[in-house]
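The structure appears below as structure tokens.
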Amino acid sequence: MMKTKLLTLLTLLWMSLAAGAQVIPDTLLFVFKLHGQTRRFEMSFEEKNDTVSLIWGIERKLKWLSGTYTMMPENVENGSSLSFLQPEDKNHVTLPAGETVYMIGRKAYRTLKTTGEMDYNRTTYRLLDTDDRALSLPLLHVKDTVENEEMWILDHPTLPLVWRMKDNPLEINWTAEEIRK
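According to mature numbering (1 follows the signal peptide of the UniProt record, and there is no 0), the sequence shown holds residues -21 to -1, 1 to 160 in order.
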């Protein structure tokens, strides 16, 4: 039984490498800076039937708090604004149509890749560079044309994560990191 599972796992790994797929770790650490405070959330993204669920968790006062955000297939494909809904313990939220959380919609990603700009959060973002990398992938560095907010988006067609946010008008800035074990 164990041998079969191991063989299956190795076969799947080999197939993903052979197909040139980029592997994203199961769990990432998102470090938030807000009004001089730092919070570190563990986040994992799970996709099933084109629905993406974000499972988050944080240790606060020796207690583990957690919840989920769910993006339906329409959000994942056509999302056009980021949700900044504050996480609440044991809260399981299905985002309203058009909203994504910590990632941009796939259509916006394709538009950015094709034209060098995208509309998100009712503003236009222009591609500045692709100099930085995360998880062995380029980061698409964009800046909005009105308030100078900057985002670094993981260059991944199925999971274009907002890896870093800077100068957000709501002062909610973050950086994602790999968890070192």
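Glycine included, every Cβ here is placed at the ideal spot set by N, Cα and C.
- Item | Residue burial classification, Thr(-11) (beta-carbon count within 10 angstroms, cutoff 16) | Along the sequence shown, one-based indexing puts residue -11 at 11. The pLDDT assigned to Thr(-11) is 39, lower than 50, so where the model puts this residue is not dependable, and the model offers no usable value.
- Message: Let me confirm a value: Glu78 is counted as buried when at least 16 other C-beta atoms fall within 10 Å, else exposed. Which label applies?
- Response: The residue labelled residue 78 in the question sits at position 99 within the sequence shown. So Glu78 ends up on the buried side.
- Item | contact_flag[the segment 59 to 68, the segment 88 to 95] where n(CB pairs < 8 Å) is 3 or more | The segment 59 to 68 makes no contact with the segment 88 to 95; the number of CB pairs closer than 8 Å stays below 3.
- Flag this pair as touching only if the segment 125 to 132 and the segment 145 to 155 have three or more C-beta atom pairs under 8 Å; answer yes or no. Under the 8 Å Cβ criterion, the segment 125 to 132 counts as touching the segment 145 to 155, having at least three qualifying pairs.
- Inter-residue spacing [alpha-carbon to alpha-carbon] between Asp29 and Gly46: The sequence position of residue 29 within the sequence shown is 50, counting from 1. The sequence position of residue 46 within the sequence shown is 67, counting from 1. Whole-angstrom Cα-Cα distance: 20 Å.
- Message: Less than 8 Å between the C-beta atoms of residue 172 and Phe24, yes or no?
- Response: Given that the chain is displayed from residue -21 to residue 160, the structure contains no residue 172 and the question cannot be resolved.
- Query: If we ignore side chains and look at the alpha-carbon of each, how far apart do Gln16 and Thr154 end up?
  - Reply: Counting from 1 along the sequence shown, the entry for residue 16 is found at position 37. Counting from 1 along the sequence shown, the entry for residue 154 is found at position 175. The alpha-carbon of Gln16 is positioned some 14 Å away from that of Thr154.
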